[in-house]
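Read the structure below first, then the notes.
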Amino acid sequence: MHDWNVSVQEALDLQERLQHKVILSNGFDPARLKTVAGIDASYADDQALAVVCVLSFPELTLLEQAKISLPNPFPYVPGLFSFREGPAVLKALETLTLTPDLLIFDGHGYAHLRRFGLASHIGVYLDCPAIGCAKTRLVGEYAPPGPDLGDFSPLTDTTSSGQETIGAVVRTRPGSKPLFVSVGHKIDLPTAIQIILKCLRGHRLPEPIRLADQISKEKYIL
DNA sequence: GCGACAG
DNA sequence: ATCTTGTCGC
C-alpha cells in the first residue's frame, strides 16, 4: 500500500493523506465477533519485538500467538508511533494462521493529533476493524470517569469547527488509572467500549492486550 | 518563547 | 518503551 521506510516529513504527509480513509462506523456485526487479537511490542538493542495474541470471543481463550522481531525501528516521535511499531506488527500479523475479526492495539486510534494513530493506521492498511487502547493520553481533554467498572467520560479535542469527541476514558478497574479507548477503524466508539469491557478479566488492561504486553516483555523468540 | 508529548 | 532503589501513599 505504501512504503514504511520513510522520513519524518513523508510520515506526516502519509498521515495527512490517509486519515480520511478511517471508517468510524461498524464494518462488521458485533454479535458475530468470534476472535480478537491483542497487539503490543517491546524494544531492545535496536530491535522491535512485536507480539500478537489471538483469543476467542467472548471466552478469551488463547488460540494462537505470533512473536517476531525487526531491526532498526523508526525513532519514537509522538504522533508518528505507527511508523515505529507498524512494520514489526505487520510482519507478526502475516505469520498468523488465523485471521482475527478485530485488532486491539496498545496505543491510540482516532484520539490522535491527525486522527490517525497506530490502531487507525494498521486498521486502514489491512482494511480490518481495529480499536486503540492507550494507557496514557496523547491529545484531548477529559473529566475523570466515575469510580465503578465501566464508568467512562468523553475524550474531546478542540478543532477549527469546535469540540469533537475523539475517544473515551474508561474505568476498566476500580482504583486504577483509566484506559483511553478510541476508534481504530471500521467500528464506532460505543461498540468499541462495549467490546473492551467484555475483554476485562479483573485487570486494568483488556485480556488480549495484557497477554501481548506480558509476552512482549519476555525477550525470547521461538 | 514555553510546555506537552501513545510506546 | 527502557533504565532502576528506595520510598510515599492508600
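Residue 1388 in our numbering sits at position 81 of the first sequence, and the numbers go up by one each step.
For each residue, glycine too, the CB sits at the ideal point set by N, CA and C.
In the structure shown, what three-state DSSP assignment does residue i receive?
i            : result
residue 1492 : strand
residue 1359 : strand
residue 1410 : strand
Quick one: give me the first and last residue of the beta strand (DSSP E) that residue i is part of.
i            : result
residue 1347 : 1342–1351
residue 1374 : 1369–1378
Would residue i and residue j qualify as a contact pair, given that the criterion is a beta-carbon distance under 8 Å?
i            : j            : result
residue 1361 : residue 1370 : yes
residue 1492 : residue 1450 : no
residue 1435 : residue 1413 : no
residue 1507 : residue 1479 : yes
residue 1403 : residue 1373 : yes
residue 1382 : residue 1395 : no
residue 1376 : residue 1425 : no
residue 1473 : residue 1456 : no
residue 1421 : residue 1326 : yes
residue 1520 : residue 1352 : no
residue 1503 : residue 1476 : no
residue 1485 : residue 1452 : yes
Since residue i is in the alpha helix (DSSP H), which residue starts that stretch and which ends it?
i            : result
residue 1326 : Careful: residue 1326 lies outside any alpha helix (DSSP H) and carries neither H nor E.
residue 1400 : 1388–1401
residue 1515 : 1514–1523
Since residue i contacts residue j with CB under 8 Å, what's their CB separation in whole angstroms?
i            : j            : result
residue 1427 : residue 1329 : 5 Å
residue 1418 : residue 1364 : Their Cβ separation, rounded to whole angstroms, is 23 Å, which puts residue 1418 and residue 1364 out of contact at 8 Å.
residue 1445 : residue 1415 : 5 Å
residue 1331 : residue 1490 : 5 Å
residue 1514 : residue 1367 : 5 Å
residue 1411 : residue 1345 : 5 Å
(message) List, from N- to C-terminal side, the alpha helix (DSSP H) runs of 4 residues or more that fit wholly inside the region 1412–1500.
(response) Within the region 1412–1500, the complete alpha helix (DSSP H) runs of at least 4 residues are 1425–1433.
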